[in-house]
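Peer 1:
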Amino acid sequence: MPLFKRKTFPLAELPNDLEPHELVYQVRFTEEIFRGYDEYLNRINLYRQRVWMCKVSGKTNLTYEEALLSEERATEKVHQFPKELMEPALQIIQYSMLSLKDLSDMVAEKLQERLYVGAEIYGRKDDDMYPCIVSKIIEDDVGKIEYEVAWLDKNKEVIETSVINREDVIQKKLPFSRKFLKSFIRESTYRSAPWVLHDKLAQSYGISKNVPENLRSKVSFKDGLLVCNKRRKNGEEAKHDLENCKRKKVDGSGTESNIVEEGDEPVEEPIKYPIDDQLVQPDADDPVFTDRPSPSRDFNVPMECVGDLLMVWDFCSSFGRLLHLWPFSLEDFENAICHKKGNLVLLVETHSALLRLLIKDNGEYFSAVRERNRKLKITLITWTEFLCDFLEMINIPELCAYVATIKRGHYGLLDAHAKLGIFQELVNHALETNIVREKLDKFVEQRQALGATRREEALEEARKKRKEKERLRAESDVDQVMDLESKGSASENGNHIRQNGDIVKKRNGEIRSSRQDSASEKSASKQVDAAPKKMARKQKVEVKVPTANGNGKDLSEKEALERSRDDRKEVVGQSSKERRREYYEREIEKRFIRTNSLGKDRNHNRYWWFQRDGRIFVESSDSKQWGYYSSKEELYLLTGSLNCKGERERALKKQLEKFISRICLEIEKRSKDLAQRVALEEAVLRRSSRVRAPPRKNPANAFLEYVNKWKED
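Per the working numbering: the sequence shown = residues 23 to 735.
1. Alpha carbon to alpha carbon, how far is Thr661 from Gly574? Give it in angstroms, no decimals.
2. Pull up the distance between the alpha-carbon of Asp635 and that of Lys29, whole angstroms please.
3. Please name the residue, chosen from Leu68, Ala96, Arg459, Tyr295, that lies closest to Lys77 on a Cα-to-Cα basis.
4. Which same chain residues, not among the five before or five after Tyr138, have their C-beta less than 8 Å away from its C-beta?
5. Is the Cβ-Cβ distance between Gly385 and Thr455 less than 8 Å?
6. Relative to the C-alpha of Ser652, which candidate in His451, Lys176, Lys691, Asp505 has its C-alpha closest?
7. Can you list, in chain order, the residues of its chain with a C-beta nearer than 7 Å to that of Ile610? Leave out the 5 residues immediately preceding and following it.
8. Relative to the C-alpha of Leu377, which residue among Met119, Pro37, Leu409 is closest?
9. Got a sec? Which residues, its chain only, sit under 8 Å from Pro309 by beta carbon, not counting five neighbours each side?
10. Quick check on the DSSP output: the beta strand (DSSP E) that includes Pro315 runs from which residue to which?
11. Give the straight-line distance between the Cα atoms of Asn357 and Phe725, rounded to the nearest whole angstrom.
12. State whether the stretch 349-366 contacts the stretch 481-489, with contact taken as three or more CB pairs (one from each stretch) at a distance under 8 Å.
13. Just how far apart, CA to CA, sit Ile167 and Glu87?
14. Starting from the C-beta of Leu125, find all residues in its chain whose C-beta is less than 8 Å away, skip the five residues before and the five after it, and write them out in chain order.
15. Count Cβ pairs between the stretch 674-692 and the stretch 314-328 that sit closer than 8 Å; are there 3 or more?
16. Any chance the CB of Arg672 is under 7 Å from a heavy atom of the ligand COA?
17. Tell me the DSSP secondary structure of Asn365 in three-state form.
18. Could you check where the beta strand (DSSP E) with Arg146 kicks off and where it finishes?
19. Is the distance from the Cβ of Tyr387 to the Cβ of Lys667 below 8 Å?
20. Which ranges does the beta strand (DSSP E) cover as unbroken runs of at least 3 residues, wholly within the stretch 627-715, from first to last along the chain?
21. To which residues of the same chain is Ser92 closer than 8 Å at the C-beta, ignoring the five residues directly before and after it?
22. Beta-carbon separation of Ala440 and Leu380 under 8 Å?
23. Taking DSSP as the reference, what is the three-state secondary structure of Gly431?
24. Could you give the C-beta distance for Ile297 and Glu669, rounded to a whole number, given that I count them as a contact under 8 Å?
25. With DSSP collapsed to three states, give me the class of Pro153.
26. Tell me, please, which residues DSSP counts as bridged to Gly621.
27. Are the CB atoms of Leu219 and Leu122 nearer to each other than 8 Å?
28. Quick check on Ile428: buried or exposed, where buried means 16 or more other Cβ atoms within 10 Å of its Cβ?
29. Roughly how far, in whole angstroms, is the beta-carbon of Asn665 from the beta-carbon of Phe311, given that I think they are within contact range, below 8 Å?
30. Less than 8 Å between the beta carbons of Ile66 and Leu301, yes or no?
31. Considering Val737, what are the terminal residues of the alpha helix (DSSP H) in which it resides?
32. Here's a check: name, in chain order, each residue in its chain whose Cβ is nearer than 7 Å to the Cβ of Ile400, leaving out the five neighbours to either side.
33. Among Tyr658, Thr372, Phe465, Leu696, which one has its Cα closest to the Cα of Lys733?
34. Under a three-way DSSP split, which group does Asn740 fall into?
35. Just to confirm, are Leu90 and Pro32 a CB contact at a threshold of 8 Å?
36. CA-CA distance, Asn723 and Leu462?
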């Protein structure tokens, strides 16, 4: 049972008077049952917090379910403890007052000295040490112990047996670690200090349950379990404890969680978001969520074929260069799949490109074609023969049923399900070819190199920032020192002035003749008047020096210019960083590996965005229903309907906000193409019969006029 704050956590009791038809909430891993949703939600949130501890291994910061799994694994390990060492180990553990670390060290030390049948040791033989196994322990009447051992060779096979003394034995390390011993001690006992074994375990190995004399006054049994006796305190101790408790409460250190008694349920903590989306409930503090729009479902192919359609089109578009296949839109591919009048060039070229890739791989399909003595060149006439060879090779009954129709030249009459089934098998086999795998490995290496370069640039940028901060800090320290020196020099100048005044006064205070007195008074007055003038001149010079420069500009203007230059550099630096980041993202996206979904919503519906199509596709949780959003308004409504308190919708919203600008560009491009198509269709309908100019091509029929510009010669 996982521990909460190092104490056993009691499970909720079964509600009374439950009826068979009553709907309740049950916790999956504890099988607790709750009538109210709030109680169930609070208990689930508590179990999902990382406050639980594995009782066996002592691991902390686990969720309740992780702690349960850790206990199961640790218990399985503990059961591997050698049976021969079980009794002596339990004898040491029973009623021990040592700490867990000291107890495990003591058990390991005692067991290291003890040999048992089956123990692998080193024995002395012919003045050398050889590996052997203890096969029998021999003890005579005197108490002397000898060991019958089986000597092993390099392959650990028994060569011979002999009897050796204890002095000729060197034991290997124990087959378990100190960590394993700690788990064993925790699993074998139900309390610590003193450590007490479980009753069944002690009884099965004959371990005495009698309490030692030194512990009888300190412990007692209550409901079959050993508990420590609480010593009653006298009046002064109780008063002192009460004052300490009050002081703790005033300081805020004595929180309610620190004084939870054993067996009491913990105080319910506030919910920490994000949590599972299904557990999120409306709250008064929630923002106003928009109504999620219903996705469009007007596909030309059957609903169960939409997933295969997207998969095949995405593969052909992503690996077009490798397949030598000119890219085409998803709508053109969908229209071509549904078209039944003849064999369209778009489908013929797509089949031919995939079949050529299989032939180049020199694999199973290449051998099948060579057995039929066919020329390896696939043309618009022979492509059906190569396709039939492929269907016969994979030997899938559902697809082999269409071979006769294809051989008669009526491939176009096949339904969308059959065409996409054939395409799906072709793509699956293409992905297994060495050509595609080597390409993917190359892309993976290039993506890793780009990522490493981006990280190095980020580290270099961080180093530059640190150096700049250190430089600015050093400059500020120098400025402070200069300010202190300037203040010191100013104070020294003031002292000089005061000293000069003191000299004058002293001279005036001397006893001289009248002439000398008058002369001295005049000279003193001149000195006193001249001193401040000199200081004023010095101050003027000092003030003028920083403002005077070659250009005759003020210091404030210069600082403004420097600041503007620094701001410009900072803006340029930021823009260059953005450009570099965008460059790396583009280069990584060019190395296509696979298309991942944007995420899932509350109901586990997946959202897909393909870079070559402007729509957001929605796949239901059971993959049976598909839909799409094709306008910016729907995209904004979808983003505004996601609740960030849920784990799935939080991640989905983050991905949508990351790609929203690019998605909007693709949507605008697609809407322009649709508007142009509608305008051309209307122009064709309104075209006068008197106009002799040829009609413009209708974009809706672009799939009929597809040309593979990357076709191999």
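Ideal placement from N, C-alpha and C gives every residue a C-beta, glycine not left out.
The model shown is predicted, which means the values in this text are computed figures rather than measured ones.
Peer 2: In short:
1. As a working note, residue 574 is residue 552 in the sequence shown. As a working note, residue 661 is residue 639 in the sequence shown. Confidence is the limiting factor: at Gly574 the pLDDT is only 44, short of 50, which leaves the residue's position unreliable and the question unanswerable from this model.
2. On the sequence shown, residue 635 is found 613 positions in, with the first residue counted as 1. On the sequence shown, residue 29 is found 7 positions in, with the first residue counted as 1. Going by the C-alpha atoms only, they are around 57 Å apart.
3. Here residue 77 refers to the residue found at position 55 of the sequence shown. The option with the nearest alpha carbon to Lys77 is Ala96.
4. Along the sequence shown, read from residue 1 onward, the residue named residue 138 stands at position 116. Here the set comprises Pro104, Glu106, Leu107, Val156, Ile159.
5. As a working note, residue 385 is residue 363 in the sequence shown. As a working note, residue 455 is residue 433 in the sequence shown. Contact: yes.
6. As a working mapping, residue 652 is identified with position 630 in the sequence shown. Of His451, Lys176, Lys691, Asp505, the residue nearest in Cα terms is Lys691.
7. By 1-based counting over the sequence shown, the position of residue 610 is 588. Cβ neighbours of Ile610 beyond the five flanking positions: Arg469, Leu472.
8. For this step, residue 377 is matched to residue 355 along the sequence shown. Comparing Cα-Cα distances from Leu377 to each of Met119, Pro37, Leu409, the minimum goes to Leu409.
9. If you number the sequence shown from 1, residue 309 lands on position 287. Cβ within range, chain order: n/a, list empty.
10. Reading the sequence shown from its first residue, position 293 is the one you call residue 315. Where Pro315 is concerned, there is no enclosing beta strand (DSSP E), given that its DSSP letter is neither H nor E.
11. In the sequence shown, residue 357 corresponds to position 335, counting from 1. In the sequence shown, residue 725 corresponds to position 703, counting from 1. Looking at the two C-alpha atoms, the distance is approximately 7 Å.
12. no
13. As a first step, residue 167 must be located in the sequence shown, where it is residue number 145. As a first step, residue 87 must be located in the sequence shown, where it is residue number 65. Their Cα atoms are separated by approximately 50 Å.
14. Position 103 of the sequence shown, counted from the first residue, corresponds to residue 125. Same-chain partners within the cutoff: Ile114, Ile115, Ser118, Ile207, Trp217.
15. no
16. You won't find the ligand COA in this model; it holds no ligand whatsoever.
17. Counting from 1 along the sequence shown, the entry for residue 365 is found at position 343. It is coil, neither helix nor strand.
18. As a first step, residue 146 is located in the sequence shown; it is residue number 124 there, counting from the start. 142-147 is the extent of the beta strand (DSSP E) around Arg146.
19. In the sequence shown, residue 387 corresponds to position 365, counting from 1. In the sequence shown, residue 667 corresponds to position 645, counting from 1. Cβ atoms of Tyr387 and Lys667: not closer than 8 Å.
20. 628-631, 638-641, 648-651
21. On the sequence shown, position 70 is the one that residue 92 refers to. Once the five neighbours on either side are set aside, the close Cβ partners of Ser92 are Cys76, Val78, Ser79, Lys81, Leu84.
22. In the sequence shown, residue 440 corresponds to position 418, counting from 1. In the sequence shown, residue 380 corresponds to position 358, counting from 1. The answer is no: Cβ separation not under 8 Å.
23. The residue labelled residue 431 in the question sits at position 409 within the sequence shown. Of the three classes helix, strand and coil, the one that applies to Gly431 here is coil, per DSSP.
24. Along the sequence shown, read from residue 1 onward, the residue named residue 297 stands at position 275. Along the sequence shown, read from residue 1 onward, the residue named residue 669 stands at position 647. Going by Cβ atoms, the distance from Ile297 to Glu669 rounds to 7 Å, so yes, they are a contact pair.
25. On the sequence shown, position 131 is the one that residue 153 refers to. The answer is strand: DSSP assigns Pro153 an E or B state.
26. Locating residue 621 in the sequence shown gives position 599, counting from the first residue. DSSP lists Tyr629 as partners of Gly621.
27. As a first step, residue 219 must be located in the sequence shown, where it is residue number 197. As a first step, residue 122 must be located in the sequence shown, where it is residue number 100. No.
28. As a first step, residue 428 must be located in the sequence shown, where it is residue number 406. With 16 or more other Cβ atoms within 10 Å, it is buried.
29. Position 643 of the sequence shown, counted from the start, is the residue given in the question as residue 665. Position 289 of the sequence shown, counted from the start, is the residue given in the question as residue 311. Going by Cβ atoms, the distance from Asn665 to Phe311 rounds to 7 Å, so yes, they are a contact pair.
30. Here residue 66 refers to the residue found at position 44 of the sequence shown. Here residue 301 refers to the residue found at position 279 of the sequence shown. It is a contact, given that the beta carbons lie within the stated cut-off.
31. This structure gives no information on residue 737, because the portion of the chain shown stretches from 23 to 735.
32. If you number the sequence shown from 1, residue 400 lands on position 378. For Ile400, where only same-chain residues beyond five positions count, the Cβ hits under 7 Å are Ser374, Leu377, Arg378, Phe408.
33. Stepping through the sequence shown from its first residue, residue 733 is reached at position 711. Lys733 has its Cα closest to that of Thr372, out of Tyr658, Thr372, Phe465, Leu696.
34. Any property of residue 740 remains undetermined from this structure, which presents the chain solely from 23 to 735.
35. The count along the sequence shown starts at 1 and reaches residue 90 at position 68. The count along the sequence shown starts at 1 and reaches residue 32 at position 10. No.
36. The count along the sequence shown starts at 1 and reaches residue 723 at position 701. The count along the sequence shown starts at 1 and reaches residue 462 at position 440. Spanning the two alpha carbons is a distance of roughly 35 Å.
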